[in-house]
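Protein chains in written order, with our numbering: chain A, 3 to 312; chain B, 565 to 854; chain C, 565 to 854; chain D, 111 to 395; chain E, 111 to 395.
Glycine residues also receive a C-beta, built at the ideal position from the N, C-alpha and C atoms.
Before any comments, here is the structure.
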Amino acid sequence: EGKIRVAEQFGVVYLLLNVAQEQKLVEKQGRKDGLDIQVEWTKLSGGAAVNDALLSGAIDIAGAGVGPLLTIWDRTRGRQNVKGVASLGNYPYYLVSNNPNVKTIADFSEKDRIALPAVTVSVQARILQMAAARQFGEKAFNRFDKLTQAVPHPDAAAAVIAGGTEINAHFGNPPYQDQELAQNKQAHIVLNSYEVQGGPSSATVLYATEKFRNDNPKTYRAFTAALAEAAQFIKANPEAAADIYLKINKSNLDRALLLSIIKSPQVEFKVAPQNTLGLAQFLHRVGAIRNKPESWKDYFFDDPVTAGGS
Amino acid sequence: MSAILEPPVRSEYERPPEPLRDVALERPLKGWERVWQHGWLRKGLLLAALALLWEAAARWQNNDLLLPTFLQTMRALWEGVASGELPGNVATSMGVLLQGYAAGVALAFVLTSLAISTRIGRDLLETLTSMFNPLPAIALLPLALLWFGLGRFSLIFVIVHSVLWPLALNTYAGFRGVPETLRMAGRNYGLGGLRLVLQILVPAALPAIVSGLKIGWAFAWRTLIAAELVFGATSGKGGLGWYIFQNRNELYTDKVFAGLALVILIGLLVENAVFRTIERVTVQRWGMQR
Amino acid sequence: MSAILEPPVRSEYERPPEPLRDVALERPLKGWERVWQHGWLRKGLLLAALALLWEAAARWQNNDLLLPTFLQTMRALWEGVASGELPGNVATSMGVLLQGYAAGVALAFVLTSLAISTRIGRDLLETLTSMFNPLPAIALLPLALLWFGLGRFSLIFVIVHSVLWPLALNTYAGFRGVPETLRMAGRNYGLGGLRLVLQILVPAALPAIVSGLKIGWAFAWRTLIAAELVFGATSGKGGLGWYIFQNRNELYTDKVFAGLALVILIGLLVENAVFRTIERVTVQRWGMQR
Amino acid sequence: MNTRKPQSLQVVGSHAGLPEPLLQVQDVSLEYRSAARTVRATHRVSFDVHRGDRFVLLGPSGCGKSSLLKAAAGFIAPVEGRIALNGETVSGPGPDRVVVFQEFDQLPPWKTVRENVMFPLLASRRLGRRDAEARALHWLEKVGLAPFADAYPHTLSGGMKQRVAIARALAMQPEVLLMDEPFAALDALTRRKMQEELQLLWEELRFTLLFVTHSIEEALVVGNRILLLSPHPGQVRAELNSHQFNLHSAGSDAFQRATQRIHGMLFDEAAAAPAVQALHRSAAS
Amino acid sequence: MNTRKPQSLQVVGSHAGLPEPLLQVQDVSLEYRSAARTVRATHRVSFDVHRGDRFVLLGPSGCGKSSLLKAAAGFIAPVEGRIALNGETVSGPGPDRVVVFQEFDQLPPWKTVRENVMFPLLASRRLGRRDAEARALHWLEKVGLAPFADAYPHTLSGGMKQRVAIARALAMQPEVLLMDEPFAALDALTRRKMQEELQLLWEELRFTLLFVTHSIEEALVVGNRILLLSPHPGQVRAELNSHQFNLHSAGSDAFQRATQRIHGMLFDEAAAAPAVQALHRSAAS
Ligand SMILES: Nc1ncnc2c1ncn2[C@@H]1O[C@H](COP(=O)(O)OP(=O)(O)OP(=O)(O)O)[C@@H](O)[C@H]1O
Ligand SMILES: Nc1ncnc2c1ncn2[C@@H]1O[C@H](COP(=O)(O)OP(=O)(O)OP(=O)(O)O)[C@@H](O)[C@H]1O
Ligand SMILES: [Mg+2]
Ligand SMILES: [Mg+2]
């Protein structure tokens with residue numbers, strides 16, 4: 003009680019946490035409860051490192067994609083019982099290509115290479131599989147897998163922007179997809195994750211162990227309240243939020259681009275998860291997770307702030 | 565002079581020379597001496613002890629998503645091998661690894677041969693090594709992408725990077741330590757250039773070269789696994805590194821450890837079957853190393 | 565015997581011994597000979613040539629998101645240094661690096677000393693090295709997190725892993741190659757155990773140890789940079805690896821290369837200021853290496 | 111000058127009335143083992159070295175002289191028999207028995223000539239740094255290497271290296287000194303000077319010397335007792351007295367006769383005939 | 111037997127009427143450089159070696175004999191003066207001048223004794239593998255190491271190693287043979303046998319021999335001409351004839367006188383007095 007260690011990864015999708023950190027919202031919410039909360043913010047890279055840190059007890063709250071949450075929920079069920087704490091907002095993922103011949107995913111040919119953070123297991127790869135399953139039938143879900151290639155986001159973005167390498171498509175995330183679209187005139191969106199998932203959906207989430215939540219109810223509550231407050235703040239002050247991002251991350255990102263992402267109508271800052279069950283059930287269907295989720299509440303803690311999720 | 569300090573005068577004696585009858589001058593070592601010398605037994609016991617330690621530590625931690633027990637790992641290893649999944653991955657990795665290793669060894673040989681024969685070659689080797697050796701493989705990724713594209717060539721490129729420099733460093737140090745007399749003997753018989761390197765410097769520097777080869781081999785593995793996981797895999801057709809990475813992402817920690825255990829097993833196998841044998845039939849037999 | 569084959573009989577002669585007057589028996593080398601021997605000049609020229617090559621290649625590729633030019637990189641480096649950002653990051657990294665390196669060196673020393681004095685120590689060293697050396701650092705991450713948590717101790721742990729094995733391998737090979745006579749001379753004076761190691765084996769094996777130290781140093785950097793990138797930053801305090809990672813994430817390739825160039829520069833500096841000096845005042849002076 | 115005739119030969123030496131020997135070598139066989147085979151270097155060699163002896167091991171190349179010396183120094187364990195020093199079985203090397211090895215690479219290359227001579231004095235904690243330095247310089251003077259005190263071994267000629275090793279051993283003033291062909295690389299004058307220095311030091315300190323040489327003359331001049339070994343694998347051929355000869359007996363008749371006799375014993379008479387004849391002739395001239 | 115008296119001394123040798131020498135050493139100074147200092151090993155040494163000569167370099171330890179030999183072999187370049195072979199300046203080593211080094215570590219440890227002897231024959235492409243092997247075994251027989259043909263050098267005694275090096279050099283049957291104290295580690299009989307073999311081979315092939323020794327007797331016996339060098343740094347002290355002596359002259363009066371004379375010249379008369387006296391006495395007895 004009174005201490006919380008949060009791990010985030012790199013990127014604009016963690017803006018909510020940056021605001022909470024900069025504005026000391028967790029501390030503020032804690033004081034409302036008469037609790038002095040010490041917050042430790044750590045940056046890690048990669049879902050695997052985040053999971054390791056959480057399971058080893060080095061951190062209390064982990065931030066990662068929906069995919070890793072579902073995996074760790076599935077594996078720790080009946081043991082640590084890791085579940086989602088909150089969403090960090092809805093962001094669309096674009097599959098961007100600089101090959102003018104590729105208009106839809108059906109146009110991908112043997113010569114094209116799609117960069118992903120991790121082949122077959124990343125959220126991007128799953129969404130591509132969902133799209134393939136929908137368009138070509140459930141059995142053909144892995145139709146594009148052989149075109150995909152594991153490349154870290156920045157290298158893939160550099161390749162798509164600059165051209166001249168085999169990689170001509172990238173299923174990325176903000177801000178890379180936006181940079182690609184902005185900096186290469188040939189670059190265009192081939193697939194939008196919202197289309198596949200049937201509307202806006204949570205991209206990044208936070209999760210924790212059941213034990214932490216039970217042992218530190220007040221701290222936990224203060225943390226979730228702080229998140230909600232941060233979401234409100236960003237909606238109200240996008241410009242200030244952008245500045246906070248640049249400051250906290252010591253980032254050199256182009257401010258105008260950042261602002262355009264934050265203000266984009268596709269992006270929504272909310273704490274309640276949205277539209278995650280589809281992906282979860284797809285993962286179960288293809289055998290990535292063993293437990294079948296019946297409702298989003300299976301893998302999210304039931305809290306007031308996340309009420310009304312889906 | 566006092567009597568005590570003077571050694572006593574003894575009588576002389578002579579023994580007629582007699583042939584040796586009762587001992588063979590040279591006799592082969594007894595069977596068990598050989599076995600013990602090879603030390604499979606000792607190392608086997610050591611391995612068993614380490615496995616026991618692992619099992620105990622893992623049971624005590626009781627967190628099999630982070631540290632599975634030895635037995636769980638062995639089960640996963642067995643299943644992986646039985647299903648043919650692991651052998652396939654190992655074969656893929658091995659292919660790339662051996663190519664990269666061979667290329668690295670060849671390049672190191674060329675560089676050090678140059679370095680030993682010309683002054684500018686020496687400066688070049690020293691400068692390149694101290695520049696590039698500390699660079700992590702990930703730093704080379706964009707360049708690899710640009711020059712070699714995706715797939716095995718880029719992998720080979722980063723493996724060469726991790727084999728070349730340490731091996732060149734060690735080989736070069738070995739060459740420089742070759743005794744002057746030996747070098748002169750070789751030159752005296754008209755050896756020079758490549759023939760001097762091959763017939764004098766390489767065997768004389770073999771202990772250093774072999775440890776360079778061992779280090780290179782180990783780092784080739786390290787790099788391969790790290791690199792496969794970054795950009796080695798196309799559509800699931802990856803090697804052992806990819807297998808480890810994928811299972812780690814999916815939190816199948818027992819499979820991750822099975823993959824790593826396989827790396828360890830291959831390491832032990834190569835060390836004992838290849839490098840120990842090389843040492844035994846060369847430097848140890850020649851009395852250059854105990 | 566034919567007359568031609570008989571060497572001619574010549575007259576004898578004798579020269580009275582005369583003192584040398586016109587030459588000093590020992591004279592110091594001339595100034596420029598010293599400078600040329602140090603070779604700063606030659607290496608400087610080589611570096612300039614490499615920089616030129618880089619600039620040309622980058623301009624030809626004309627793809628500064630993947631490969632910025634030398635000048636762009638230098639500008640970014642200059643700005644980074646001037647703003648104090650890079651020095652700060654380097655200081656952070658250096659602290660961890662030196663601790664890990666020192667720990668690795670100490671451990672390697674203990675392991676090899678054990679190995680040289682007992683048979684079981686030798687088996688242990690051989691087995692552990694061939695087992696753990698090929699394991700990539702990421703494999704140790706879960707264990708590091710479990711035992712040391714996030715932060716510098718885990719970093720030090722993985723650095724130790726990358727320094728210890730190659731250094732132990734090289735040191736041990738060096739120890740085993742120490743000439744038997746030298747070893748006997750040391751034991752004859754009553755040296756044994758640690759004193760034998762320190763006073764005979766270490767100096768006699770120094771060429772191998774120094775190249776082990778060089779390799780260890782380089783791989784400590786590689787590992788640190790790769791590990792910092794996974795471990796990222798706690799409360800905004802990252803090292804050089806984090807700097808590189810972050811700028812890579814933001815597609816500031818010139819800054820990425822500036823960070824890497826700094827690694828290269830530090831590598832050159834350490835090689836020439838530390839390792840070359842060590843070699844010059846030890847193995848070269850002692851005639852153990854050319 | 112001492113020129114009395116050698117005593118008549120007996121087939122086996124008797125121990126009656128002798129004091130306890132300092133170094134006892136009893137039926138010692140030495141073997142070298144490699145992975146594949148075992149080579150016997152000496153076969154059941156026995157001899158006793160008494161306190162104050164200058165005991166010489168003499169034999170043809172490869173007969174196991176160096177091996178015996180190393181066994182006495184504690185570097186090689188016998189596969190048969192026993193080596194005892196002061197009644198106690200030798201179990202390892204130690205600074206009580208200082209060795210001059212036959213090989214040129216016995217000098218640590220990382221120490222200057224001076225440091226090399228100081229090394230055993232410091233390593234065995236026998237002297238402090240200052241005293242060791244003074245002693246080292248004294249002995250370097252004696253072997254004619256004072257001007258090279260600060261040189262490193264790799265800058266010395268073969269004979270100079272060997273002289274450093276000799277200085278190093280003598281500076282230790284050990285109770286037992288084991289020397290393996292120490293003067294082989296030296297020219298006549300330097301060799302003689304070294305022999306004299308050794309003699310002087312022995313007269314002063316009365317240490318016990320075990321001395322390996324391949325030169326019959328040197329054996330007679332340096333030693334008071336000589337063990338003759340047969341060719342590979344070394345067996346005892348004879349044990350002779352030579353206390354009657356010293357550095358100045360080189361030309362005497364008795365000396366020449368002793369030389370011939372040893373020559374005859376060492377090498378099969380028939381095979382060695384021309385050489386022995388030559389020696390006969392030179393002795394008679 | 112050849113025992114005519116040495117010719118009267120001249121201060122400088124004359125070249126009048128002599129054929130062109132095979133090896134010309136003219137005013138050669140040799141230096142060793144290290145990072146900090148330069149050591150002069152020989153100072154303006156001149157001598158001529160004619161075809162068929164058995165030319166001996168004789169001098170005290172450290173006077174630069176080995177350095178001169180290495181310079182003639184092409185390993186060290188003179189800092190002053192010129193070394194010419196057949197009129198051409200020596201620019202590097204080559205298999206036309208085979209060297210036996212003074213050091214024991216001249217045998218590649220990774221080759222067996224047999225392979226070591228075959229090595230230069232194969233490396234210089236002089237013989238095929240079969241012939242080389244036969245030649246190697248022949249010479250190993252001569253140096254008494256045939257039973258050790260398959261042993262590795264590290265299993266040999268010091269003298270055995272040196273004998274392998276001798277066999278290796280003789281097997282090459284070179285035109286010019288350079289030997290640096292090759293017999294120093296050998297016992298009297300083996301040494302004599304080696305000297306005889308060398309003599310026989312020379313009589314058969316009439317190669318040119320440059321021979322370094324520190325033994326005056328060996329110089330007189332092996333050589334036909336002797337260059338005396340003064341102590342460090344080596345300068346020419348005298349050049350003498352010794353073709354009148356051979357392996358069987360060891361005891362003759364002339365031989366003894368020549369020995370004394372060289373002794374006197376080599377070493378400052380006063381300092382060497384006792385040693386020389388001893389030799390006088392032994393010669394007179
Ligand atoms: N390290 C070794 N390994 C195997 N055999 C050896 C080793 N050292 C010596 N021998 C063998 O032992 C025998 C005796 O060797 P040792 O060195 O004692 O001879 P030595 O009498 O000193 O000869 P030398 O006068 O030539 O030095 C030789 O036949 C040699 O082959
Ligand atoms: N590698 C070297 N570096 C520096 N100086 C050397 C080197 N080798 C020899 N010297 C010096 O050169 C001089 C002559 O040495 P050299 O080996 O030629 O003597 P040498 O006549 O062969 O003596 P010895 O009979 O003792 O072998 C010596 O004073 C020695 O100090
Ligand atoms: Mg010997
Ligand atoms: Mg010499």
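In the DSSP annotation of this structure, residue 323(E) is not part of any alpha helix (DSSP H); the continuous beta strand (DSSP E) holding it starts and ends at 318-323. Residue pairing by DSSP puts residue 344(D) in a beta bridge opposite 152(D).
Relative to ligand 1, the beta carbon of residue 369(D) is positioned no closer than 7 angstroms to any heavy atom. Relative to residue 308(D), the option among 337(D), 336(D) and 278(D) whose CA is nearest is 278(D). For ligand 3, residues qualifying as neighbours are 175(D), 176(D), 212(D), 290(D), 291(D), 322(D), 267(E), 268(E) and 269(E), where qualification means a beta carbon closer than 7 angstroms to at least one of its heavy atoms (chain order). Taking a C-beta distance under 8 angstroms as the contact criterion, residue 321(D) and residue 289(D) qualify as a contact pair. Between the alpha carbons of residue 349(E) and residue 174(E) lies a distance of about 16 angstroms. Shortest gap from the CB of residue 265(D) to any heavy atom of ligand 2: under 7 angstroms. In this chain, residue 190(A) is not harboured by any alpha helix (DSSP H); it is covered by the beta strand (DSSP E) spanning 190-194. In this structure, the alpha-carbon of residue 281(D) lies about 34 angstroms from that of residue 219(E).
For residue 149(D), the shortest separation between its Cβ and any heavy atom of ligand 1 lies below 7 angstroms.
Residue 252(D) is classed as buried because its beta carbon has at least 16 other beta carbons within 10 Å across all chains shown. At a cut-off of 8 angstroms between C-beta atoms, residue 628(C) does not count as an interface residue with respect to chain B.
Within its own chain, the residues whose Cβ lies closer than 6 angstroms to the Cβ of residue 49(A), once the five positions on either side in sequence are excluded, are 66 and 70, listed in chain order. Within the same chain, and ignoring the five residues on either side of residue 100(A) in sequence, the residues whose Cβ sits closer than 7 angstroms to its Cβ are 162, 165, 170, 186, 188 and 189. Below the 8 angstroms Cβ cutoff, chain B contributes no neighbours of residue 191(D), its closest Cβ being approximately 13 angstroms away. Interface with chain C (8 angstroms Cβ-Cβ cutoff): residue 234(D) is included. Residue 723(C) holds the alpha-carbon nearest to the alpha-carbon of residue 697(C) among 757(C), 723(C) and 609(C). At a cut-off of 8 angstroms between beta-carbon atoms, residue 718(B) makes no contact with chain C. Shown here for residue 52(A): same chain residues with a beta carbon closer than 6 angstroms to its own, the five before and five after excluded, namely 9, 46, 64 and 66 in chain order. For residue 173(A), the secondary structure class from DSSP, reduced to helix, strand or coil, is strand. Short note on residue 172(D): C-beta closer than 7 angstroms to some heavy atom of ligand 1. The DSSP-derived three-state label of residue 643(B) is helix. Between ligand 2 and residue 757(C), a heavy atom-to-CB distance of less than 7 angstroms is absent. Around residue 717(C), the same chain offers no residue with a beta carbon nearer than 7 angstroms, after the five sequence neighbours per side are excluded. Apart from sequence neighbours up to five positions away, the residues of its chain that approach residue 316(E) with a beta-carbon distance below 7 angstroms are 162, ordered along the chain. Of the other Cβ atoms in all chains shown, 16 or more fall within 10 Å of the Cβ of residue 76(A); this residue is therefore buried. Contact residues of the region 628-649 of chain C toward chain A are 629 and 630 (C-beta to C-beta distance below 7 angstroms). Closest in alpha carbon position to residue 133(D), among 181(D), 272(D) and 211(D), is 181(D). Annotation note: the region 672-722 of chain C contains the following uninterrupted alpha helix (DSSP H) runs of length 4 or greater, listed N- to C-terminal: 683-696 and 701-712. For residue 289(E), the uninterrupted beta strand (DSSP E) segment begins and ends at 286-290. Contacts with chain B at 8 angstroms (Cβ-Cβ) do not include residue 212(A).
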